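Q: Using our numbering, you'd call the opening residue of the sequence shown number 993 and step up by one each time.
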Amino acid sequence: MPPHSTIRIGLGHDTHRLGPGSGLVLGGITIPHDRQALGHSDADVLLHAITDALLGAAALGDIGELFPDTDPANKGRDSAEMLQAALDRMAAAGWGIVNLDCVIFAQRPKILPHRLRIRGRIAEILRIDLEAVWLKAKTGEGVGPIGTEEAIAAECVVLLERIEHA
Ligand code: CDP
Ligand code: ZN
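(1) Indicate the three-state DSSP secondary structure (helix, strand or coil) for Gly1048 in the structure shown.
(2) Using DSSP bridges, identify the partner residues of Gln1028.
(3) Is Ala1035 near the ligand CDP - that is, is its Cβ less than 7 Å away from at least one heavy atom of it?
(4) Would you kindly report the start and end of the unbroken beta strand (DSSP E) that includes Ala1145?
(5) Tell me whether Ala1085 sits in a helix, a strand or coil according to DSSP, three-state version.
(6) Using only Cβ atoms and a threshold of 6 Å, which residues come within that distance of a heavy atom of the ligand CDP? Order them by chain position.
(7) Closer than 6 Å by C-beta to Gly1088: which residues in its own chain qualify, once you throw out the five before and the five after it? Chain order, please.
(8) Assuming Ala1129 and Ala1115 form a contact by the criterion Cβ under 8 Å, report the distance between their Cβ atoms to the nearest whole angstrom.
(9) With a threshold of 8 Å, are at least 3 pairs of Cβ atoms found where one atom belongs to the stretch 1084–1103 and the other to the stretch 1057–1066?
(10) With a threshold of 16 other CB atoms inside 10 Å of the CB of Arg1119, please say whether the residue is buried or exposed.
(11) Going by DSSP in three states, Asp956 sits in which element: helix, strand or coil?
(12) Is the separation between the beta-carbon of Ala1143 and that of Arg1000 shorter than 8 Å?
(13) If you count every other CB in all the chains shown that lies within 10 Å of the CB of Ala1029, and 16 or more means buried, which is it?
(14) Taking 7 Å as the cut-off, is the beta-carbon of Gly1013 closer than that to any non-hydrogen atom of the ligand ZN?
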């Protein structure tokens, strides 16, 4: 039998509608803004993409399976808590995070001024070094649901390494 791979890659993507509001929850921190993301949980599009990337890499399902939006218990739920639950499952399956790289798709606000704080919070939630977390942002160039500020989206790729050998 061939040896099992000791590394795995995962991809996560998420989109939320935007509506009038007073702040965007992104990567576990709140950024002042005149719009907010709408959703069943706290609508943290970045933590949702990261959660799906971890679950996908470890072949453990997806965020909607673990936390169905039909379950009242998930209403207004802290996305950091959901990410930690995914992280615990991933670690229990014998995987550790090497690094992750993320993109936020938002016409506004500027994400760069908040990048260090967001990276810091993600590193804290995942219990990894700050340099293992990177974040970029792109506008929608004024077109489509991102460009017209109807929606915000995020993507994440993660690399895992085997930390236990069965
Ligand atoms: O220049 P290009 O068309 O590749 O990208 P853009 O979408 O016009 O964004 C230009 C730069 O603005 C990005 O590289 C980010 O550094 C920054 N940016 C940001 O901080 N926050 C956003 N919501 C979008 C872009
Ligand atoms: Zn989401």
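C-beta: ideal position from N, C-alpha, C; glycine also.
Only a predicted model underlies this, so the values are computations on that prediction, with no experimental measurement involved.
A: To lay it out plainly:
(1) helix
(2) Gly1011
(3) no
(4) 1143–1154
(5) coil
(6) Ala1098, Lys1102, Ile1103, Leu1104, Ala1129, Lys1130, Thr1131
(7) Glu1153, Ile1155
(8) Actually they do not touch by this definition, with Cβ atoms about 18 Å apart.
(9) no
(10) exposed
(11) This structure leaves residue 956 out entirely; the chain is present only between 993 and 1158.
(12) no
(13) buried
(14) no
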